[in-house]
Each structure stands twice: as structure tokens, then as C-alpha cells.
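Participant:
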Ligand code: NAD
Ligand code: TYD
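Residue numbers (our numbering): 407 to 756.
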């Protein structure tokens with residue numbers, strides 16, 4: 407049996423990756439390591455929490471001693487590392503948490519992998535999940551490839567870029583078997599409602615203003631989160647050591663166009679008159695250093711490993727809206743912070 411530690415498994419993307427691996431690979435044992443910050447919610451994994459090939463450990467990757475003990479006791483064969491501070495706006499108001507978790511936390515994991523695997527890297531792998539934001543901002547044309555020079559602008563993307571460099575350095579210096587993927591913006595179920603799409607769904611539902619930064623001209627390339635989890639699965643199993651893959655949806659949307667589409671879907675789902683929800687759109691002060699455009703060229707992933715996105719955006723957005731409207735309790739718990747009280751009482755750190 408292969409044992410895999412997935413970090414950040416209680417978060418948005420991590421919970422989809424954990425679910426996929428637990429369900430598809432009964433021969434693997436999945437350890438979900440998560441600090442349960444505001445973004446971590448074990449309710450995301452209710453459907454698989456009792457599976458015999460899964461267990462959860464509460465812990466902080468910035469704590470090097472804890473990570474060392476974790477490797478000693480769990481003896482993992484592989485790490486899929488998603489734990490991070492992930493919200494750009496939070497990184498602008500409080501950068502240090504991003505340095506600690508995203509940079510120091512990643513290096514703690516690399517050090518433990520190096521120490522416990524001790525040069526025996528066959529059948530062992532350190533998979534680092536990263537973002538397209540490390541490449542900076544595009545103008546009206548062009549796409550990010552794996553050769554694009556890193557040019558991060560926000561404290562978030564700077565911290566992710568730094569962690570990517572450390573992961574590559576551990577491959578080049580110590581021979582650790584690493585792979586990195588850089589993915590575009592994800593959307594789907596269990597997305598914390600501080601990010602654009604779930605925030606807008608929640609606000610539209612509650613007849614609250616939908617804040618659009620600047621003029622809404624910024625472009626993002628949106629990918630269905632389950633397609634990301636499938637890409638991680640393929641890359642984890644098939645990429646050569648040291649490889650990097652871009653993952654993206656070939657699906658660019660200006661924020662304002664996306665929000666208008668979302669408003670029309672919400673009108674239909676909530677039985678409102680067409681155009682009603684769009685009245686909630688409110689242009690607000692732009693984000694500092696706001697990257698104009700992201701677009702991923704995922705040709706390499708398709709060519710080498712045969713991965714492609716499976717879902718059209720309109721269909722995925724509709725499914726996402728349906729999930730939020732039928733999971734009101736999840737949304738209410740998350741917006742009230744109630745889920746944190748509950749799980750804090752259940753789990754204590756090692
Ligand atoms: P998220 O914020 O929803 O989840 C992050 C998880 O990490 C949470 O469960 C949190 O509790 C945990 N965590 C935070 N600090 C920790 C610490 N110190 N120790 C242990 N656990 C900790 O994030 P997400 O959107 O699911 O992103 C997951 C990963 O994917 C991140 O590395 C992010 O950079 C990357 N990524 C995200 C996107 C996106 O669109 N959301 C796109 C590309 C890449
Ligand atoms: P976000 O979901 O925070 O993801 P990221 O910053 O990682 O791309 O934001 C997506 C886009 O939406 C980005 O251009 C910022 C913009 N945005 C708004 O216009 N209003 C909002 O309330 C938020 C959270 C984001």
C-alpha cells in the first residue's frame with residue numbers, strides 16, 4: 407500500500423484531490439494534513455471521512471518539529487502539497503502569513519522528505535501544487551507556457567513563486583523527485599466565499615452588492631476544480647521527475663462578463679426577472695497591483711499526458727450555482743464561522 411500525505415486537504419482544491427484519490431485508489435492510504443485555518447473545513451470531506459484508506463491529522467506545516475515527527479510516524483511514500491494561504495487580497499493586507507505558510511512551510515516539507523527518504527527517491531515523489539500567478543500579468547495577447555519567466559506581483563504570487571523555486575532547487579541540488587504544476591483560477595463546489603465566484607453567488611442570493619474591482623476588465627482563465635484534481639492525478643502518476651506542467655481551461659473571461667453571466671443564471675434559478683440580479687453589480691476601488699490578464703497554454707500537458715478540460719464553462723458555472731443553492735447549510739456555516747468552532751472542539755494538534 408502506498409501512503410500519500412495530501413497537505414491542505416480540507417481546503418477547496420485539496421478536498422477534491424483527497425476525495426478523488428480516496429475513491430479511485432483503494433490501494434493507497436491518504437493522510438490529509440491540514441491546519442484548519444479559516445479556509446479549511448472538514449465538512450468538505452463528510453462523504454469520505456469514514457473510508458478505511460483515509461485519515462485526517464490536524465497540524466501546521468510551519469512547525470518543523472511537527473513535520474519531522476509526522477514523517478517519522480506516517481512514513482509517507484509521497485506528498486501532494488496544496489496547503490497554502492491562497493487569497494490575494496489577504497496577502498496584500500497581511501503578507502507575513504504567506505511567507506510563513508507558503509515558503510517556510512514548503513521548505514519544512516522538503517527538508518523532511520529529504521531527511522526521511524534519504525536519497526532513496528525511487529517510488530517516492532514530492533508534488534507541489536502551484537499557480538499561474540507566478541508568471542505575472544499578460545497584456546491583451548499571449549499565453550503563459552512552462553518557459554514563461556516568473557514575474558510575480560502580489561505577495562501571494564511572490565510567495566508561491568518562491569516556494570516553486572525551492573522545490574526545483576531541491577531537485578537540482580539533492581536529486582529529490584519533484585513535480586510542479588501551475589494552474590489557472592479554479593471554480594466549483596466547496597469554494598470559500600471570499601473568492602469572486604462563490605462571493606458573487608452568495609451576495610446575489612442575499613440581494614447584496616456584488617463588488618467588481620475597477621472596471622471589471624481583468625481577465626482570468628477558469629477551470630472546473632474536478633478537472634484540476636484529474637490533472638493532478640495524471641501528473642502525479644505519469645510525469646517525469648523534475649517536470650513542470652501548466653494546467654488551464656482555455657476559458658478566458660473578463661470579470662464583468664463572467665459576473666453578468668452569473669447574474670443571468672441566478673435570475674433563472676431564483677425565479678427573478680431577467681436583469682434583476684445584475685442591478686447588484688457595484689464597481690469598487692481596484693485591487694492594488696491587480697494583474698490584468700492570465701491565460702494558460704496547457705499544450706504540453708495535452709501532448710505529453712493526454713489531459714484536457716472536460717467541462718464547458720457555462721455548464722460548470724450552472725452546476726456550481728446549483729451546488730451552492732442546494733448546500734445552504736455549508737454556506738451558512740462557513741459565512742458564520744460556525745464550522746471552525748465545531749471542528750476545533752473535535753481535533754487538537756499533535
Ligand atoms: P484554500 O485556501 O481553499 O485551502 C488551503 C488549505 O490549506 C486550507 O484547508 C487550510 O486550512 C490549509 N492550510 C493553510 N495554512 C496551513 C498551514 N500552515 N499548515 C497546514 N495547512 C494549512 O486554497 P485552494 O484554493 O484550495 O488552493 C490550494 C492550492 O492550490 C494552493 O497551494 C494554491 O496556491 C493552489 N492554487 C489555487 C488555485 C485557485 O484557483 N484556488 C489555482 C491554482 C493553484
Ligand atoms: P479571486 O477569486 O480573488 O482570484 P485571483 O485573485 O486569485 O485571480 O479574483 C478573481 C478576479 O476577480 C480578480 O481579477 C479579482 C476580481 N475580484 C473582484 O472583482 N471582486 C471581488 O470581490 C473579488 C474577490 C475578486
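For each residue, glycine too, the CB sits at the ideal point set by N, CA and C.
(1) Could you spell out the range, first to last residue, of the alpha helix (DSSP H) harbouring residue 523?
(2) Between which two residues does the beta strand (DSSP E) containing residue 658 stretch?
(3) May I have the straight-line CA-CA distance separating residue 567 from residue 558, to the nearest angstrom?
(4) Which residue comes first and which comes last in the beta strand (DSSP E) that contains residue 459?
(5) Do residue 448 and residue 487 have their C-beta atoms closer together than 8 Å?
(6) For ligand 1, is there a heavy atom less than 7 Å away from the beta-carbon of residue 705?
(7) For residue 571, which of 523, 604, 510, 546 has the nearest alpha-carbon?
(8) Taking just the CA atoms, how far does residue 425 sit from residue 451?
(9) At which residues does the beta strand (DSSP E) containing residue 439 begin and terminate?
(10) For the putative contact between residue 662 and residue 695, defined by C-beta atoms under 8 Å, what is the C-beta separation to the nearest angstrom?
(11) Ligand 2 and residue 488: does any heavy atom of the ligand fall closer than 7 Å to the residue's C-beta?
(12) Pull up the DSSP beta-bridge partners for residue 671, would you.
(13) The alpha helix (DSSP H) that contains residue 641, what's its start and end?
(14) With three or more C-beta pairs closer than 8 Å as the rule, is the stretch 580-593 touching the stretch 619-637?
(15) So, are the CB atoms of residue 485 and residue 476 less than 8 Å apart?
(16) Does DSSP put residue 709 in a helix, in a strand, or in coil?
(17) Along the beta strand (DSSP E) that carries residue 430, what are the first and last residues, could you check?
(18) Have a look at residue 533 and residue 410 and give me their C-alpha separation to the nearest angstrom.
(19) Count the C-beta pairs between the stretch 489-505 and the stretch 430-438 that are closer than 8 Å, then say yes if the count reaches three, no if not.
(20) Runs of 4 residues minimum, wholly inside the stretch 530-583: which ones carry the alpha helix (DSSP H) assignment?
(21) I believe residue 697 touches residue 543 by the beta-carbon criterion, under 8 Å. Please report the beta-carbon distance rounded to the nearest angstrom.
(22) Let me check you understand the geometry: is the CB of residue 457 closer than 7 Å to at least one non-hydrogen atom of ligand 1?
(23) What residue from 582, 545, 560 has the CA that sits closest to residue 521's CA?
(24) From what residue to what residue does the alpha helix (DSSP H) around residue 610 run?
(25) DSSP three-state call for residue 472: helix, strand or coil?
(26) Taking 8 Å as the cut-off, does the stretch 712-720 touch the stretch 640-656 (at least 3 CB pairs, one atom from each stretch)?
(27) Quick test of your reading: residue 724 and residue 641, contact by CB under 8 Å. State the CB separation rounded to the nearest angstrom.
Facilitator: The relevant details are as follows:
(1) Here residue 523 refers to the residue found at position 117 of the chain shown. Element bounds for residue 523: 511-523.
(2) By one-based count along the chain shown, residue 658 stands at place 252. It spans 658-660 - the beta strand (DSSP E) in which residue 658 sits, taken as one unbroken run.
(3) By 1-based counting over the chain shown, the position of residue 567 is 161. By 1-based counting over the chain shown, the position of residue 558 is 152. Looking at the two C-alpha atoms, the distance is approximately 7 Å.
(4) Here the question's residue 459 lines up with position 53 in the chain shown. Run containing residue 459: none; DSSP gives neither H nor E here.
(5) Position 42 of the chain shown, counting from 1, holds the residue named residue 448. Position 81 of the chain shown, counting from 1, holds the residue named residue 487. It is not a contact, given that the beta carbons lie outside the stated cut-off.
(6) Residue mapping note: residue 705 aligns to position 299 of the chain shown, counting from 1. No, ligand 1 has no heavy atom inside 7 Å of this Cβ.
(7) For this step, residue 571 is matched to residue 165 along the chain shown. Considering only alpha carbons, the answer is 510.
(8) Within the chain shown, numbered from 1, the residue matching residue 451 stands at position 45. Within the chain shown, numbered from 1, the residue matching residue 425 stands at position 19. Cα-Cα distance, rounded: 7 Å.
(9) The residue labelled residue 439 in the question sits at position 33 within the chain shown. Looking at the DSSP string, the run of the beta strand (DSSP E) that includes residue 439 is 434-440.
(10) On the chain shown, residue 662 is found 256 positions in, with the first residue counted as 1. On the chain shown, residue 695 is found 289 positions in, with the first residue counted as 1. Their Cβ separation, rounded to whole angstroms, is 20 Å, which puts residue 662 and residue 695 out of contact at 8 Å.
(11) Taking the chain shown and counting its residues from 1, the one referred to as residue 488 is at position 82. Not under cutoff, so the answer is no.
(12) The residue labelled residue 671 in the question sits at position 265 within the chain shown. DSSP lists no partner for residue 671.
(13) Taking the chain shown and counting its residues from 1, one reaches residue 641 at position 235. Note, residue 641: alpha helix (DSSP H), 631-644.
(14) yes
(15) As a position in the chain shown, residue 485 is number 79, starting the count at 1. As a position in the chain shown, residue 476 is number 70, starting the count at 1. It is not a contact, given that the beta carbons lie outside the stated cut-off.
(16) The sequence position of residue 709 within the chain shown is 303, counting from 1. Reduced to three states, the DSSP call for residue 709 is helix.
(17) As a position in the chain shown, residue 430 is number 24, starting the count at 1. Per DSSP, residue 430 belongs to no beta strand (DSSP E); it is in the alpha helix (DSSP H), 418-430.
(18) As a position in the chain shown, residue 533 is number 127, starting the count at 1. As a position in the chain shown, residue 410 is number 4, starting the count at 1. About 10 Å.
(19) no
(20) 561-580
(21) The sequence position of residue 697 within the chain shown is 291, counting from 1. The sequence position of residue 543 within the chain shown is 137, counting from 1. About 4 Å; that satisfies the 8 Å criterion.
(22) Position 51 of the chain shown, counted from the first residue, corresponds to residue 457. No, the beta carbon of residue 457 sits no closer than 7 Å to any heavy atom of ligand 1.
(23) Position 115 of the chain shown, counting from 1, holds the residue named residue 521. For the residues 582, 545, 560, the minimum Cα distance to residue 521 belongs to 582.
(24) Here the question's residue 610 lines up with position 204 in the chain shown. Taken as a continuous stretch (DSSP letters only), the alpha helix (DSSP H) holding residue 610 covers 602-611.
(25) For the purposes of this step, residue 472 is taken as the residue at position 66 of the chain shown. Helix at residue 472.
(26) yes
(27) Looking up residue 724 in the chain shown gives position 318. Looking up residue 641 in the chain shown gives position 235. Not really, about 28 Å apart at Cβ, beyond 8 Å.
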